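With UniProt numbering applied, the sequence shown corresponds to residues 1 to 173, in that order.
In this text, a Cβ means the ideal position worked out from N, Cα and C, and glycines have one as well.
Owing to the predicted nature of the structure, the values given are computational and were not obtained by experimental measurement.
These notes concern the structure reproduced below.
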Amino acid sequence: MLLASPAYHARQNLTLVMDGETLLYGLQIPRFTYVFISSNNPGVMELVHELKQTQTDFAVTHELPEHPAPPSRHSPVTHCLLYLTKRTFVGEAGEMLAGEIKRARSLHLPVILVHETDERKDGCDFDKFLLSTPSDLIRDGLFRTLAVPMAAGAEHRLVSLGLLGKSLGGHTR
1 MLLASPAYHA
11 RQNLTLVMDG
21 ETLLYGLQIP
31 RFTYVFISSN
41 NPGVMELVHE
51 LKQTQTDFAV
61 THELPEHPAP
71 PSRHSPVTHC
81 LLYLTKRTFV
91 GEAGEMLAGE
101 IKRARSLHLP
111 VILVHETDER
121 KDGCDFDKFL
131 LSTPSDLIRD
141 GLFRTLAVPM
151 AAGAEHRLVS
161 LGLLGKSLGG
171 HTR
């Protein structure tokens with residue numbers, strides 16, 4: 001109906017947006033956002049590459065700072081990204097990852113939880129993490145923060161990436 005009105009007659013289609021809807025386009029992660037990712041977190045690099053295709057204003061590091069520091073252009077880390085798949089917290093790498101997450105939490109870094117639901121990307125039900133995550137991390141409240149669900153399917157995945165961008169401080173331009 002809108003396409004038939006004089007204001008829109010030259011357009012082929014319209015994108016309708018509901019107030020508060022998560023959109024990937026127009027979302028900008030603040031400059032000086034430095035995200036710690038662990039090499040002991042299986043699949044996290046692929047997730048970062050996926051996010052980087054849509055959000056380029058953030059950097060990643062594999063090093064945690066020595067001491068807590070307020071976020072600034074000189075602070076090396078502003079967030080910690082934990083990618084939850086069926087391989088998270090499994091084996092020796094899982095033990096090392098747990099130690100890194102404990103350290104990130106002791107540095108008061110926000111831990112952004114991302115729950116993969118796509119089975120082709122090692123997704124699984126969330127209750128699996130209650131069994132594989134070290135009990136001290138659970139007791140200390142790791143899962144008090146809601147995880148961003150990474151949904152399967154191209155359109156749903158874009159919404160998930162938008163939610164992840166918002167978790168990293170992203171806002172619409």
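Candidates the options: closest to residue i by CA position
{"i": "leucine 158", "options": "Ser5, Thr54, Phe32", "result": "Thr54"}
{"i": "arginine 144", "options": "Arg120, Leu113, Pro134, His171", "result": "Leu113"}
{"i": "arginine 120", "options": "Gly94, Asp127, Thr85", "result": "Thr85"}
{"i": "residue 236", "options": "Glu50, Ala4, Arg11", "result": "The structure shown has nothing for residue 236, since the chain only spans 1 to 173."}
{"i": "threonine 88", "options": "Pro68, Pro65, Lys128, Ala152", "result": "Lys128"}
{"i": "asparagine 41", "options": "Leu146, Asp57, Leu142, His62", "result": "His62"}
{"i": "alanine 59", "options": "Glu46, His67, Pro76", "result": "Pro76"}
{"i": "leucine 27", "options": "Gly43, Arg139, Val44, Lys52", "result": "Lys52"}
{"i": "glycine 123", "options": "Leu146, Arg139, Met150", "result": "Met150"}
The alpha helix (DSSP H) enclosing residue i, as first and last residue numbers
{"i": "glutamate 116", "result": "From DSSP, glutamate 116 is part of no alpha helix (DSSP H) but of the beta strand (DSSP E) over 111 to 116."}
{"i": "phenylalanine 126", "result": "Run containing phenylalanine 126: none; DSSP gives neither H nor E here."}
{"i": "leucine 137", "result": "135 to 139"}
{"i": "glutamate 46", "result": "44 to 52"}
Bounding residues of the beta strand (DSSP E) (the contiguous stretch that carries residue i)
{"i": "histidine 79", "result": "79 to 84"}
{"i": "alanine 104", "result": "Element bounds for alanine 104: not the beta strand (DSSP E) but the alpha helix (DSSP H), 91 to 106."}
{"i": "phenylalanine 36", "result": "33 to 36"}
{"i": "residue 174", "result": "The first residue shown for the chain is 1 and the last is 173, placing residue 174 beyond what the model contains."}
Which residues DSSP lists as bridging residue i, in chain order
{"i": "glutamine 28", "result": "His171"}
{"i": "proline 149", "result": "His115"}
Beta-carbon spacing of residue i, residue j below 8 Å
{"i": "leucine 82", "j": "valine 111", "result": "yes"}
{"i": "phenylalanine 36", "j": "leucine 109", "result": "yes"}
{"i": "leucine 97", "j": "serine 167", "result": "no"}
{"i": "residue 175", "j": "leucine 64", "result": "Residue 175 cannot be examined here, being either before or after the span of the chain that is shown, 1 to 173."}
Backbone CA spacing between residue i and residue j [nearest angstrom]
{"i": "leucine 164", "j": "serine 106", "result": "23 Å"}
{"i": "leucine 130", "j": "alanine 4", "result": "54 Å"}
{"i": "histidine 171", "j": "glycine 141", "result": "27 Å"}
{"i": "arginine 11", "j": "aspartate 57", "result": "31 Å"}
{"i": "arginine 103", "j": "proline 6", "result": "60 Å"}
{"i": "valine 90", "j": "aspartate 118", "result": "19 Å"}
{"i": "glycine 153", "j": "glycine 162", "result": "14 Å"}
{"i": "serine 132", "j": "aspartate 125", "result": "12 Å"}
{"i": "residue 175", "j": "histidine 79", "result": "An answer regarding residue 175 cannot be provided, because it is not within the stretch 1 to 173 covered by the chain."}
{"i": "valine 148", "j": "histidine 115", "result": "6 Å"}
{"i": "glutamate 155", "j": "glutamate 95", "result": "35 Å"}
{"i": "glycine 67", "j": "tyrosine 34", "result": "Residue identity check: residue 67 is histidine in the sequence provided, not glycine. Each residue's alpha carbon lies about 15 Å from the other."}
{"i": "alanine 93", "j": "serine 135", "result": "17 Å"}
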